[in-house]
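Numbering-wise, the numbering used here comes out as the position in the sequence shown, counting from 1, plus 1368.
The structure appears right after this line, and notes come after that.
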Amino acid sequence: MKKFYYLSTCDTCKRIMKELDLPVDIELQDIKKTPITPEELDHLYASTKSYESLLNKRSQLYKQRGLKDETLSEDDIRSLILEQYTFLKRPVLVLGTEVFAGNSKKTVAEAKSALSS
1369 MKKFYYLSTC DTCKRIMKEL DLPVDIELQD IKKTPITPEE LDHLYASTKS YESLLNKRSQ
1429 LYKQRGLKDE TLSEDDIRSL ILEQYTFLKR PVLVLGTEVF AGNSKKTVAE AKSALSS
């Protein structure tokens, strides 16, 4: 599977899409228009072994709900991501079994390297 999960209204996602120069065979999914499904999220989990690594802790909703002060189980985090698209760390690039989640320079560099190999 080759897929790029992003938010079309997010300037950071747009910048990273441009920077990665995604090949045409990568399916694009705007998570606001087409929310991630349980099956898709579980596929990401199979590669990352952690829902927490897919959680956007900078989401306004995360802060509003005071979730940083709570102990969340992996099941709690999975439910949050499925409930509201803003809880998914973005963008997420999936290349087979490799998953690159988030917008850190290191993650973007690793994604770029994987795309060019």
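All residues carry an ideal CB built from backbone N, CA and C; glycine is no exception.
- For H1411, the CB contacts under 8 Å within the same chain, skipping 5 residues up- and downstream, are M1369 and V1462 in chain order.
- Cβ atoms of V1476 and I1384 come within 8 Å of each other, at about 6 Å.
- Rounded to whole angstroms, the gap between the alpha carbons of G1434 and F1455 is 13 Å.
- The Cβ atoms of Y1419 and I1445 sit closer than 7 Å to each other.
- Taking C-beta atoms under 8 Å as the contact rule, Q1397 and L1429 fail to qualify, at a distance of about 20 Å.
- Rounded to the nearest whole angstrom, the C-alpha separation of P1459 and K1473 is 12 Å.
- Burial is judged here by how many other beta carbons sit within 10 angstroms of a residue's own beta carbon; V1392 has fewer than 16 and is exposed.
- For Q1397, the three-state secondary structure derived from DSSP is strand.
- Beyond the five residues adjoining it in sequence on each side, Y1413 comes within less than 7 Å, by CB distance, of Y1419 in the same chain, given in chain order.
- Taking C-beta atoms under 8 Å as the contact rule, S1415 and V1467 qualify, at a distance of about 4 Å.
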